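Residue numbers (our numbering): 35 to 146.
Okay, structure coming up:
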């Protein structure tokens with residue numbers, strides 16, 4: 035795999051780890067009331083989505099168990115619908131999808 039793919043996977047991993055860090059100590063209700071944490075997590079989701087678009091097609095095809103298209107699509111929704119972000123969806127993503135993403139990414143990163 036290309037060096038760019040390796041670095042991009044690390045970018046995704048770092049952003050996901052930051053999301054886990056930022057949401058510590060929050061439950062759904064406290065998250066929905068905290069604009070700063072919402073903004074921090076949305077920004078990391080943007081990084082994940084943009085980085086996903088930088089990955090080579092061959093890498094994305096090799097690991098279809100990762101929802102690459104959904105990750106990129108979330109970035110597009112957050113950017114283009116910035117005035118109508120579904121914060122509940124952001125919470126669900128941070129709470130459920132991000133921990134699963136970190137687990138799924140590790141074996142891929144370990145291959146490098």
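Glycine included, every Cβ here is placed at the ideal spot set by N, Cα and C. Fair warning: this is a prediction, and the values are worked out from it, not measured in the lab.
Bounds of any alpha helix (DSSP H) do not take in residue 58, whose DSSP letter is neither H nor E.
A direct Cα-to-Cα measurement between residue 134 and residue 40 gives close to 19 Å.
Note on residue 83: 16 or more other CB atoms within 10 angstroms of its CB, so buried under the neighbour-count rule. Under the three-pair Cβ rule at 8 Å, the region 70 to 83 counts as touching the region 50 to 58.
Contact check between the region 130 to 146 and the region 99 to 110: three or more CB pairs, one atom from each, fall below 8 Å, which counts as touching. Counted as a single uninterrupted DSSP element, the alpha helix (DSSP H) harbouring residue 73 occupies residues 69 to 88. Per DSSP, reduced to three states, the secondary structure at residue 110 is helical.
Under the criterion of beta carbons closer than 8 Å, residue 47 and residue 136 qualify as touching, at roughly 7 Å. Residue environment analysis places residue 131 among the buried positions, since at least 16 neighbouring C-beta atoms fall within 10 angstroms of its C-beta.
Exclusion of the five residues before and after residue 81 leaves 45 and 49 as the residues of its chain whose Cβ lies within less than 7 Å of its Cβ.
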